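K.L.:
My structure is below; once you've seen it, I'll send some questions.
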Amino acid sequence: MALDRRTFLVGSIPSMLAGAAESDARFVVEARFYEKLPYKKIKCKLCPRECVIDDRERGYCGVRENRGGTYYSLVHSRICSLHVDPIEKKPLFHFAPGSLAFSVATAGCNVNCKMCQNWEISQVRPEQVRNVYLPPDKLAEAARENRCVSIAYTYNDPVVFCEYVLDAAEAGRAAGVKSVVITGGYIQEEPLKQLCRRVDAVKVDLKAFSEKFYKEVVNGELKPVLNTLATLRKLGKWSEIVYLVIPTLNDSEAEFKGLAHWVKSELGPDVPLHFSQFHPEYLLKDLPPTPVETLERAKAIADAEGLHYVYIGNIPGHPAESTYCPKCRRAVVERAGFTVKAVHLNHGRCQHCQEAIPGMWDGSLHS
Amino acid sequence: MQSINGSSRRSLLRACVGGACFSLPGKSRVAIARNPAAPPDASHLAALVDRAVAAACNRDAPLEAWKSIAHPGETVGLKVNCLSGKGGSTSIALVEAVCERLQQAGIPPRNIVIWDRLTSDLEEAGHRTGARKDRIRCLGNDEAGYESELAVFGSVGSLLSNTLTRTCDAVINLPVLKDHGIVGVTMALKNLFGAIHNPNKYHLNGGDPYVADVYMLPPIRQKVRLTICDALAPQYEGGPSYMPQWVWPYRGVLASRDPVALDATGWRIIERKRAELGLKPLGEMKREPLYIARAADARHRIGANDPASIEILEV
């Protein structure tokens, strides 16, 4: 399956008006993380929500179903969105810059963020969108044929199609293709550890630094996400953090300070932190886009805290899209939007002063 | 088809012992019709429905009550509840009784639509889907599809079923009286989760305020005209899955034009049964259905939750 870089193979457009039932046998596998309860109930152990689900019912994510006391994922190899993206779009800035990521998603999500850009796939059931069958070996093959360094599990939260990620990452590794996960990090520790054994890098959307926001805007919790970041750090998995700055909801100076302090003290100064601009979407259409000044204020606070790699995202052409050496302050990766204009690194070191710049610059870890 | 013409007014009045079906001003009416002696057959069930609907609509004659609900030329949707398969779903006999009465009230069969979320759920509950000889339509939202624009109120944003928004002018809500392991109880208000594409998102916090918010979506508020709740064999524990060990033969139907009053009444029926069997109240089980009170608050005003504002008519 050879794809042009810009080919849009599978529309992310829901087939709401069609709604035709499709045979799902190929997509159904027993879930890996759950507990059986009396009376054919089950408790999902994939994310911290721990849904208790009756027979014939689904969990919060909408893609896992209890059938007679056995819990199933309905989205294994059931791809509803597929694109070839620059890795900068994820964004992962310290991972094979300028490379392509074969990006896939299924329906469903384990949170319901009011600002979701992809709600038409994340907030629906798999039967409510068009899907293609893309088993792990075919996915790996397609990624390689399209000269992608990595497969990105993205758009919705890959936590909900964890079984597929585990199988596909293994197939990808066998084919010489890396795997990266783009997630909200709302996952239990055991499935996270299993994912970390198979995937190469993780980008975590830290949606705010307050439980109030997580409760009211995300329909989730902050603490498990912080636990995820700490676990990723402990396991040595390359991670970057994106913080979408939303006017009036998570843009206070105190929140930026608290966030930056926590990142530095718990994860260290070298974890990249991206402050991204919000655009009105889904259930938050009444708020304006984030002013650039707010993003710059957030960056200044994080810089002052001592974080080494703080970026501004969704503002094409902003100088803070580039990576700068924390020692000599010169650009080591120059970016404009999703384009990498120049890389001044030599085996993970600044070409100017030889300072080690942490990351997976050629797809291997440099720290 | 059992006739309801002429015979009903006197028998209905007889059934309303002590004048219980005479309306008190300003109160929401919830009618409870039962046949406790034996499981009602089709004709008894139709009579139960007639008594309940006439009382709920404050009409002497059932036919007049039905005519006040739906008008010739309108398409009427019957929102059943079929998720729990046979045994735990809206009784087929009850649905057929409603279809008969609608036809007697001037709604042709082609203008009657039985619907729920999935066609397969309807079939598993025993409904005839596809091309029915009687021309009544029966289909799931998966077949009819959903709107592409979000409907939003309060905490919810959902795509609504095309059957609700495009096909139906009026909806009669036909839920089942049962316990629910997350939201406490499920009846009138909760049954409209079957009209949205993402019900799995709205069971947090015992469904509060989501259940009330979903009911506020304009096509739901505007089109649901009556609830007839199947309480023939309600379930007081273990729901919403069908658990026959926790079902009891109440042998009744509840009807109301006020879904909040109906839910408040149904909840009390379940609590009484639980108390009778020594089970803890739902509140102590941390699943008190707080969404019922929410639906009555100043922001929603869907109906009456306060017992003092509800008139129970045992007919």
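The listed protein sequences correspond, in order, to chains A and B. Quick note on this note's numbering: the first sequence kicks off at 1 and runs consecutively. Quick note on this note's numbering: the second sequence kicks off at 1001 and runs consecutively. Here a beta-carbon is modelled for each residue, glycine too, at the ideal position from N, C-alpha and C. This structure is a prediction, so every number in the text was calculated from the model and none was measured.
1) Shorter than 9 Å from the beta carbon of V124 of chain A to some beta carbon of chain B?
2) When you compare each of B:A1061, B:V1076, B:V1113 and B:G1073 to R1137 of chain B by their alpha carbons, which one comes out closest?
3) Anyone know if the C-beta pair for S1084 of chain B and Y1250 of chain B falls short of 9 Å?
4) Expressed to the nearest angstrom, what Euclidean distance is found between the alpha-carbon atoms of V202 of chain A and S150 of chain A?
5) What does P1240 of chain B reach in chain D if we use C-beta pairs closer than 7 Å?
6) How would you list, in chain order, the residues of chain A whose beta-carbon sits under 7 Å from the beta-carbon of Y1197 of chain B?
7) Measuring alpha carbon to alpha carbon, tell me which residue in B:D1050, B:R1101 and B:Q1235 is nearest P1072 of chain B.
8) Roughly how many angstroms separate the alpha carbons of C51 of chain A and G185 of chain A, rounded to a whole number?
9) Closer than 8 Å is the cut-off here; do at least three beta carbon pairs connect the stretch 1288–1307 of chain B with the stretch 1177–1184 of chain B?
10) Provide the residue(s) that pair with D85 of chain A in DSSP beta bridges, ordered along the chain.
11) Taking Cβ positions only, does P50 of chain A come closer than 9 Å to chain B?
12) CB-CB under 6 Å to G11 of chain A, same chain, minus the five flanking residues each way: which ones, in chain order?
13) Name the one or two DSSP bridge partners that D369 of chain A has.
14) If you draw a straight line from the C-alpha of S205 of chain A to the C-alpha of I241 of chain A, how long is it?
15) Classify H347 of chain A as buried or exposed, calling it buried when 16 or more other Cβ atoms lie within 10 Å of its own Cβ.
16) Please name the residues in the stretch 1124–1151 of chain B whose beta-carbon is closer than 8 Å to at least one beta-carbon of chain A, in chain order.
17) Does any C-beta atom of chain B lie closer than 9 Å to the C-beta of N227 of chain A?
18) Using a Cβ cut-off of 7 Å, which residues of the stretch 1283–1305 of chain B contact any Cβ in chain A, in chain order?
19) Step through the CB atoms of chain B and report whether any lies within less than 9 Å of the CB of R58 of chain A.
20) By the 8 Å beta-carbon criterion, what residues does the stretch 187–210 of chain A contribute toward chain B?
21) Under the rule that 16 or more other beta-carbon atoms within 10 Å means buried, what is Q354 of chain A, buried or exposed?
22) At the level of alpha carbons, what is the spacing between S77 of chain A and D137 of chain A?
23) Under DSSP, the alpha helix (DSSP H) around T1186 of chain B begins and ends at which residues?
24) Under DSSP, the beta strand (DSSP E) around I1032 of chain B begins and ends at which residues?
25) Kindly list, in the order they appear in chain A, the residues whose Cβ is closer than 8 Å to that of L1083 of chain B.
26) Are any of the Cβ atoms in chain A nearer than 9 Å to that of N1191 of chain B?
27) Between the stretch 25–45 of chain A and the stretch 86–104 of chain A, can you find at least three pairs of beta-carbon atoms closer than 8 Å?
28) For a contact meaning CB atoms closer than 8 Å, what does Y71 of chain A contact in chain B?
29) Compile a chain-ordered list of the residues in the stretch 34–45 of chain A whose CB is closer than 9 Å to at least one CB of chain B.
30) Whose C-beta lies closer than 6 Å to the C-beta of R349 of chain A among residues of the same chain, with five residues either side of it excluded?
31) Return the CA-CA distance between L1164 of chain B and V1224 of chain B, expressed in angstroms with no decimal places.
32) Name the chain A residues whose beta carbon is nearer than 8 Å to that of M1243 of chain B?
33) What does E232 of chain A reach in chain B if we use C-beta pairs closer than 8 Å?
34) Which stretch, first to last residue, makes up the alpha helix (DSSP H) that contains A1042 of chain B?
35) Could you tell me the distance, in whole angstroms, from the CA atom of K41 of chain A to the CA atom of D362 of chain A?
36) Per DSSP, C1138 of chain B forms a beta bridge with which residues?
P.N.:
Looking at the atomic coordinates:
1) yes
2) B:V1113
3) no
4) 12 Å
5) Within the model displayed, chain D is absent; protein chains A and B are what it includes.
6) Per the sequence presented here, residue 1197 of chain B reads as His, with Tyr not at that position. Those are V124 and Q128, listed as they occur along chain A.
7) B:R1101
8) 17 Å
9) yes
10) A:A101
11) Sequence check: residue 50 of chain A is Glu here, not Pro. No, no contact with chain B.
12) Residue placement at G11 of chain A is poorly supported in this model, since its pLDDT is 43, which falls under 50; the coordinates are not used for a value here.
13) The shown model of chain A, from 1 to 367, leaves out residue 369 of chain A, and the question about it has no answer.
14) Per the sequence presented here, residue 205 of chain A reads as Asp, with Ser not at that position. Roughly 6 Å separates the two Cα atoms.
15) exposed
16) N1141, D1142, E1143, A1144, G1145, Y1146, E1147, S1148 and L1150
17) no
18) none
19) yes
20) none
21) exposed
22) 10 Å
23) That residue, T1186 of chain B, is in no alpha helix (DSSP H); its beta strand (DSSP E) goes G1184 to T1186.
24) S1028 to R1034
25) R56 and E57
26) no
27) no
28) Those within 8 Å of Y71 of chain A in chain B number zero; the least Cβ separation is about 14 Å.
29) Y39, K40 and K41
30) A356
31) 10 Å
32) Y39
33) Residue identity differs from the one stated: residue 232 of chain A is Leu in this sequence, not Glu. Those do not exist, as L232 of chain A stays about 27 Å from chain B at its closest Cβ, beyond 8 Å.
34) A1042 to A1056
35) 47 Å
36) B:I1114
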